[in-house]
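This is how it looks when you write it as structure tokens:
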């Protein structure tokens with residue numbers, strides 16, 4: 005009996021050690037996942053490679069400190085996400101920080117659902133001077149920074165540098181006029197034996213708006229909504245007419261190819277460019293990665309063109325910003341702002357540009373080895389950032405803070421298509437003006453604005 009007692013004691017000890025090891029690991033794992041950090045739920049609309057790049061940013065922030073934990077959650081398209089944000093506010097499922105695209109800015113402002121990031125900027129004495137003024141201006145109102153720009157792009161003009169060299173054509177200057185582009189387009193069409201169309205401009209309301217911004221033309225009253233709610237829109241103006249006349253001139257010369265409107269148009273014009281069917285087109289700077297990777301030719305990039313006889317005013321940004329929800333406790337909102345500040349660090353911005361094609365907004369990003377190496381390998385990729393840096397923020401190039409911009413763009417595109425198909429410019433613009441203003445009046449009434 006004593007023999008069995010001697011054996012029992014070691015067995016109990018071994019069993020105890022095993023149990024401690026098993027439950028110890030479980031407790032340790034639980035502690036690792038529940039580390040008492042303040043959780044900051046982040047809703048975003050980044051998919052594919054951009055989502056992978058975003059997850060690296062989030063992971064970097066979470067590892068950089070021990071107070072907050074950002075939890076990213078994909079919410080579908082920009083339009084889908086906006087509806088979810090509006091519908092879930094003041095519920096337990098709403099986000100603490102969220103990404104909202106540029107033309108929803110007025111909608112976000114009027115919702116009353118956000119805390120201006122300016123509150124935290126003032127509290128921290130945070131220096132925003134290193135962040136692009138044009139990018140910041142889009143999301144500012146009443147002298148306050150409402151949201152912070154995040155994934156930011158600009159429209160630029162791409163051209164096939166290899167084809168221009170082949171046919172001995174002088175490339176367009178860095179900041180070209182309409183006639184500069186027409187010259188190159190006509191020469192390319194003729195010297196290629198009509199094998200390559202000279203140019204295309206996609207039917208896209210954003211491009212029309214950018215043409216007006218670059219001409220220093222405001223579309224809506226109250227300084228494009230930056231000093232008061234817009235009550236009137238004027239698309240039918242001399243600068244829009246000149247922009248459409250430029251396109252119509254190239255259509256008549258037969259050096260222009262029309263790819264239509266919509267997502268398929270964008271894909272088709274890119275395919276046409278990469279296969280030498282068209283030599284010049286306008287698109288977002290975020291397309292640089294795709295155009296560089298799949299291009300057998302040398303890629304040329306210039307600024308967005310401006311009207312003849314006018315100095316380029318600079319174009320507005322595209323993309324989205326990060327907003328802070330006001331339905332969360334102050335400590336959660338504080339975590340949201342800490343995350344926003346992290347995304348704007350020079351090296352974070354540099355890596356973001358390299359991975360996604362979106363522009364680095366912190367001026368000090370240009371000093372990083374990340375961007376220096378990128379520009380050394382692809383010098384043209386430096387142009388969009390220079391376009392943004394060289395522009396001085398003003399009301400014309402700081403975006404249109406107006407509700408109903410989605411429909412406004414659709415109506416702008418109807419006007420563009422009408423002209424592309426041979427219709428009268430002034431008649432098309434008058435129709436667009438009337439329809440946009442009717443919708444704006446209804447929205448203002450519904451929202452209680454005069």
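In the working numbering, the protein residues as written are 5 to 454. Yeah, the Cβ is synthetic: ideal placement off N, Cα and C, and Gly gets one too.
When 296, 354 and 246 are compared against residue 313, the one with the closest alpha-carbon: 246
Close beta carbons around residue 401, own chain, < 7 angstroms, minus the five adjacent residues each side: Residues 138, 217, 317, 318, 319, 320 and 395 of the same chain have their beta carbon placed closer than 7 angstroms to that of residue 401, with the five preceding and five following residues left out of the count.
Where residue 150 falls, given that 16 or more other Cβ within 10 Å makes a residue buried: buried
Contacts around residue 430, its chain only, beta-carbon distance under 6 angstroms, and the 5 residues preceding and following it disregarded: Answer for residue 430: no residue qualifies.
Cα-Cα separation between residue 134 and residue 387, rounded to whole angstroms: If you draw a straight line from the Cα of residue 134 to the Cα of residue 387, it is about 19 angstroms long.
Cβ pair count under 8 angstroms reaching 3, the segment 421–439 against the segment 231–247: yes
Same chain only: Cβ atoms within 6 angstroms of residue 35, ignoring 5 sequence neighbours per side: In this predicted model, residue 35 has a pLDDT of only 34, less than 50, meaning its place in the structure is not dependable enough to derive any value.
Simplified DSSP state of residue 205, which is helix, strand or coil: coil
Member of 96, 91 and 79 whose CA lies at the smallest distance from the CA of residue 336: 96
Cα-Cα separation between residue 382 and residue 160, rounded to whole angstroms: 16 angstroms
Residue 78 burial status per 10 Å Cβ neighbour count (16 or more: buried): exposed
Residue nearest to residue 448 in terms of C-alpha spacing, selected from 344, 235, 109 and 73: With distances taken between CA atoms, residue 448 lies nearest to 235 out of 344, 235, 109 and 73.
Continuous alpha helix (DSSP H) stretch holding residue 374: start and end: Per DSSP, residue 374 belongs to the alpha helix (DSSP H) from 373–381.
Residue 439, enclosing beta strand (DSSP E) - first and last residue: Looking at the DSSP string, residue 439 is not in any beta strand (DSSP E); the run it does join, the alpha helix (DSSP H), is 429–450.
DSSP-derived helix/strand/coil call for residue 178: In the structure shown, the three-state DSSP call for residue 178 is coil.
Residue span of the beta strand (DSSP E) that contains residue 326, given as start and end: 322–329
Candidates 363, 373 and 206, of which the one nearest residue 391 by Cα: Selection 363, 373 and 206 evaluated against residue 391 yields 363 as nearest (Cα-Cα).
Nearest residue (CA-CA) to residue 71, options 338, 422 and 91: 338
CA-to-CA distance, residue 322 to residue 270, given in whole angstroms: 16 angstroms
Whole-angstrom distance between residue 446 and residue 243, CA atom to CA atom: Each residue's Cα considered, the two are about 27 angstroms apart.
Among 143, 252, 307 and 331, the one whose alpha carbon lies nearest that of residue 175: 307
For residue 111, the three-state DSSP class (helix, strand or coil): helix
Helix, strand or coil at residue 147 [DSSP, three-state]: coil
Chain-order list of residues whose beta-carbon lies under 7 angstroms from that of residue 45 (same chain, five-residue window excluded): 75, 77, 99 and 100
Residue environment, residue 213, which counts as buried when at least 16 other CB atoms sit within 10 Å: buried
Where residue 129 falls, given that 16 or more other Cβ within 10 Å makes a residue buried: exposed
C-beta atoms of residue 348 and residue 162 nearer than 8 angstroms: no
Closest by C-alpha distance to residue 310, when choosing among 178, 140, 56 and 115: Among 178, 140, 56 and 115, the Cα nearest to that of residue 310 belongs to 178.
Nearest-angstrom beta carbon gap, residue 203 and residue 283 [assumed within contact, 8 angstroms]: 7 angstroms
Sub-8 angstroms separation of residue 62 and residue 356 beta-carbons: no
DSSP beta-bridge partners of residue 286: 161
Inter-residue spacing [alpha-carbon to alpha-carbon] between residue 256 and residue 286: 19 angstroms
Residue 262 to residue 251 span [Cα, whole Å]: 10 angstroms
Residue 53 burial status per 10 Å Cβ neighbour count (16 or more: buried): exposed
C-beta contact flag for residue 83 and residue 142 at 8 angstroms: no
Proximity of residue 207 and residue 264 at Cβ, strictly below 8 angstroms: yes
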